[in-house]
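For our numbering, count along the sequence shown from 1 and bump the result up by 289.
Note that the Cβ used here is the ideal one computed from N, Cα and C, for glycine as well.
Read through the structure below, which is laid out as structure tokens, and then see the notes.
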Amino acid sequence: MPDIYRTAREEYYFYLGPDSAEFSPLSSGITFADPNYHILRPNGDHYVFEYILSGRGYVYFNDQKVALGPGAAYILHPCTYHHYYSDPHNPWTKVWLNVRGMLVQHLLSDYHLNTNCYVENFKNRDYLTQAFSIMKKDPAHCKSELALFLHHYIQLFSETLIGHQEKASPAFAMKCFIEQNVHRSMHIDEIAAHAHLSRSRANEVFKKEYRTPPYRYYLSLRLEISMNMLRHSPMTIQEISNHLDFPDYHQFTAFFKKWCGMTPTQYRQEFRMEQNRITAESAVKNTPL
């Protein structure tokens, strides 16, 4: 599936300084109200930070479409599905920052923001606008300032999300806890304890709201992350296993085969063969007669 970019009214600036694996700003901008605005990246290759200033739009999180309005902020990770668009009857105006680098990965991990996530009623409506101003002012020398800004922004985002969870239903609190800790090993008892419930009560409450038990939801997210990394990252199987906190390579392989029906190596090989086939067919179609 190809990427889709339908944008009309935007003011944006690209980073013009040197790149690094540690941290690289990419671009920042403001998207103005546009009923046809639509972004789809089946495999996003960078981090996306966005804040809605006015209007409304829709963002997909773990295959669920979420309607977001003024004051909402969200974060999308690389190697995940990015899909968001304006409400055609009340299109959003939003400010955004795109970045790459290990610094961002470590910060988000430290603050337990390990999956695509959002908060409503974020603390400061001007925060991402500051990032836009920093990029606009000096696009060639803004890396250090944006790195400091991003650290504080991620901290505030995490604090806001935790505050919302404390006021939420037990099922939603468990869901957020799972999503924040999906990259480490967990047991159902730990998930239930987070909502101050017994294991049986946790299963009952979560299944009623999300139609699946909490531990199965946790495992499905880990499988989804594994599949995305196998498809779209250069990481070895061992590195993916370590990233997801499996005790060893063999346990990760057994988990993946149980849920996917093939080993991680077989899955990666099949995906690459399919991509090569699609590329070859496209090349044939585009060859002039």
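The stretch 364 to 374 and the stretch 314 to 323 do not touch, with fewer than 3 CB-CB distances between them shorter than 8 Å.
Between residue 508 and residue 549, the gap from beta carbon to beta carbon reaches 8 Å or more. The C-beta separation of residue 348 from residue 407 comes to about 7 Å, placing the pair in contact by the 8 Å criterion. The straight-line gap separating the alpha-carbon atoms of residue 524 and residue 555 is approximately 15 Å. Each of 520, 376, 539 was checked against the Cα of residue 359, and the nearest Cα belongs to 376.
The stretch 329 to 345 makes contact with the stretch 410 to 423: 3 or more CB pairs, one atom from each, lie closer than 8 Å. When the beta-carbon positions are compared, residue 364 and residue 329 stay at least 8 Å from each other.
In chain order, 345, 347 place their CB closer than 7 Å to the CB of residue 356, counting only its own chain and leaving out the 5 sequence neighbours on each side. Per DSSP, the continuous alpha helix (DSSP H) segment holding residue 503 begins and ends at 503 to 521.
A residue is called buried once 16 or more other Cβ atoms fall within 10 Å of its Cβ, and residue 468 is buried on that count. When the beta-carbon positions are compared, residue 461 and residue 483 stay at least 8 Å from each other. Short of 6 Å from the beta carbon of residue 431, and not among the five residues preceding or following it, lie these beta carbons of its own chain, in chain order: 423, 424. As DSSP reads the structure, residue 388 sits in a beta bridge with 314, 336. Shown here, residue 486 sits in coil according to DSSP, grouped into three states, outside any helix or strand. Here the alpha carbon of residue 428 sits roughly 11 Å from the alpha carbon of residue 435. Contact between residue 404 and residue 510 holds, since their C-beta atoms are separated by about 7 Å, short of 8 Å.
Apart from sequence neighbours up to five positions away, the residues of its chain that approach residue 481 with a beta-carbon distance below 7 Å are 487, 488, 491, ordered along the chain. If you check the CB distance, residue 390 and residue 309 come in under 8 Å. Counting only residues of its own chain and dropping the five nearest sequence neighbours on each side, residue 559 has a CB closer than 8 Å to the CB of 551.
Per the coordinates, the alpha-carbon of residue 352 lies some 15 Å from the alpha-carbon of residue 366. Counting of Cβ neighbours within 10 angstroms places residue 526 among the buried residues, the total reaching 16 or more. Taking the Cα positions, residue 388 is about 20 Å away from residue 414. Contact between residue 334 and residue 296 is ruled out by a C-beta separation of about 18 Å, above the 8 Å threshold. Here the alpha carbon of residue 494 sits roughly 14 Å from the alpha carbon of residue 478. If you check the CB distance, residue 502 and residue 463 do not come in under 8 Å. For residue 400, the closest C-alpha among the options 442, 459, 336 is that of 442. Bridge partners of residue 346 according to DSSP: 357, 375.
If you draw a straight line from the Cα of residue 458 to the Cα of residue 517, it comes to about 30 Å.
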